[in-house]
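S.K.: Positions in the sequence shown are counted from 1; adding 20 to them yields the working numbering. Below is a structure I'd like to ask you about.
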Amino acid sequence: MADLQNTFSWSFSAAEDFDICRRKRYWAKYAMWGGWEPTADSLRKDAYRLSKMDNAWSVLGRAVEEAVVWTIRRAQAGLNPTPDEAYEAAARPYLNRAWTESRRKRYLENPKRYIALREHYYREWTPEREQEIIAALKVQSRRCIEQFHQNVLPRLRNVRPENEIRIAIVGSGGEPESFEFEKIKIYAIPDYAYRVGPRLHIHDWKAGKIREHHEEQLTLYGLWAQVKHNIPPEQVDVFIEYLAEGVTRHLTFTAEDIEAIKERIRSSVEEMADYLVDGNIERNEPLPQADWELSQDLALCRRCNFLELCQKDPDYPPPGAS
Ligand code: SF4
21 MADLQNTFSW SFSAAEDFDI CRRKRYWAKY AMWGGWEPTA DSLRKDAYRL
71 SKMDNAWSVL GRAVEEAVVW TIRRAQAGLN PTPDEAYEAA ARPYLNRAWT
121 ESRRKRYLEN PKRYIALREH YYREWTPERE QEIIAALKVQ SRRCIEQFHQ
171 NVLPRLRNVR PENEIRIAIV GSGGEPESFE FEKIKIYAIP DYAYRVGPRL
221 HIHDWKAGKI REHHEEQLTL YGLWAQVKHN IPPEQVDVFI EYLAEGVTRH
271 LTFTAEDIEA IKERIRSSVE EMADYLVDGN IERNEPLPQA DWELSQDLAL
321 CRRCNFLELC QKDPDYPPPG AS
């Protein structure tokens with residue numbers, strides 16, 4: 021098999037990492053590369069393992085998604101599943117799996133396959149705090165599933181599988197959903213999309229709080245629909261489903277919105293290229309580690325998967341950090 025290439029790519033989460041801390045982007049995109057190989061050095065292996073790490077709230081989001089997909093499939097089969105059944109069949113097993121794998125440190129055998137929780141790894145919880153978090157996740161996941169059944173499922177009842185767009189999600193085995201824009205690979209992974217006549221409907225499940233920046237991020241789906249499925253922005257409807265709050269935000273796009281997102285990508289890519297040898301994104305060779313600045317914000321570091329690696333850097337914490 022030909023060697024995998026670490027090609028330059030862009031996504032909103034990568035841009036966010038880069039914006040908040042250059043070093044984070046270095047660990048997550050470059051230092052980790054090849055860390056899955058048994059012969060990789062320990063820094064590479066560690067960066068790869070840490071790059072795969074989850075946290076309690078990302079696991080909650082995934083558990084709710086599992087329950088949502090489970091429910092949609094049963095409804096399409098003519099069944100009438102209850103929120104309790106969805107929780108028991110899909111969300112609870114996922115939460116249990118996450119906790120079991122993380123506590124047993126199974127990720128040390130295979131970080132891609134087994135879930136690690138950052139809070140376990142960095143011992144962020146007292147036993148009492150962990151019990152509180154587990155109880156809160158149960159309540160929140162049940163609430164999200166109930167809201168989905170009440171507010172969203174009635175709108176999806178008539179969607180047939182043949183109208184759905186297949187989307188490669190993270191963890192499904194192959195490469196996650198992406199498209200090419202000006203020769204750059206852009207990752208954009210809508211949760212659920214289907215055609216309604218000439219229109220495309222996209223739903224994004226959110227198990228957490230309403231955040232204003234979600235709207236800009238989801239404009240990327242308008243570009244994805246245009247480039248990958250040849251659907252003009254005016255024919256795309258995005259529904260941000262804030263399941264915990266029972267709120268839906270409906271977004272539509274204009275050609276100007278799509279131009280704005282293109283500009284956002286271009287300027288972000290340009291900044292990222294400054295950290296590559298000769299600014300060459302085709303070669304995608306990073307500048308040395310020391311050129312990727314460490315964050316000055318230690319509160320950010322305390323929530324960062326890569327803290328262990330930065331703490332080994334003699335320059336950490338940087339002067340003036342607080
Ligand atoms: S621990 Fe701090 S400095 Fe290191 S990558 Fe994370 S945010 Fe950046």
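Positions of the beta carbon are idealized from the N, C-alpha and C atoms, including for glycine.
What's the C-alpha gap between His270 and Trp77?
M.R.: Cα-Cα distance, rounded: 24 Å.
S.K.: Based on the DSSP output, what are the partners of Pro103 in its beta bridges?
M.R.: Answer by DSSP bridge pairing: none, since Pro103 is not bridged.
S.K.: What is the rounded straight-line gap between the Cα of Gln309 and the Cα of His233?
M.R.: Rounded to the nearest angstrom, the two C-alpha atoms are 30 Å apart.
S.K.: DSSP three-state call for Tyr114: helix, strand or coil?
M.R.: Reduced to three states, the DSSP call for Tyr114 is helix.
S.K.: Where do the ends of the beta strand (DSSP E) carrying Ala76 lie?
M.R.: Not the beta strand (DSSP E): Ala76 falls in the alpha helix (DSSP H), residues Ala76 to Gln96.
S.K.: By Cβ distance, which residues of its chain are closer than 7 Å to Asp37, with the 5 residues on each side in sequence left out?
M.R.: Excluding positions up to five away in sequence, the list reads Lys44, Arg45 and Ala48.
S.K.: Going along the chain, which residues of its own chain have a beta-carbon closer than 6 Å to the beta-carbon of Gly242, five neighbours each way excluded?
M.R.: Answer for Gly242: Pro253, Val256, Phe273 and Ile278, listed in chain order.
S.K.: Taking the straight line between their C-alpha atoms, what separation do you get for Asp333 and Leu314?
M.R.: Those two C-alpha atoms are separated by around 10 Å.
S.K.: Let's see if you can read the secondary structure: which residues bound the beta strand (DSSP E) around Ala343?
M.R.: Outside the displayed span of the chain (21 to 342) sits residue 343, for which this structure offers no information.
S.K.: Would you mind sorting Ile135 into buried or exposed? The rule is 16 or more other CB atoms within 10 Å of its CB.
M.R.: Buried.
S.K.: Return yes when at least one heavy atom of ligand 1 lies under 7 Å from the C-beta of Phe326, else no.
M.R.: Answer for Phe326: yes, Cβ within range of ligand 1.
S.K.: Report whether the distance from the Cβ of Lys49 to the nearest heavy atom of ligand 1 is below 7 Å.
M.R.: For ligand 1, not one heavy atom lies less than 7 Å from the Cβ of Lys49.
S.K.: CA-CA distance, Met21 and Glu305?
M.R.: Below a pLDDT of 50, predicted positions are generally treated as unreliable, and Met21, at 46, falls in that range; no measurement from the model is reported.
S.K.: Could you tell me if the beta carbon of Leu70 falls within a distance shorter than 7 Å of some heavy atom in ligand 1?
M.R.: No, the beta carbon of Leu70 sits no closer than 7 Å to any heavy atom of ligand 1.
S.K.: Say yes only if the C-beta of Lys44 is nearer than 7 Å to one or more non-hydrogen atoms of ligand 1, and no if none qualify.
M.R.: It does: the Cβ of Lys44 is within 7 Å (strictly closer) of some heavy atom of ligand 1.
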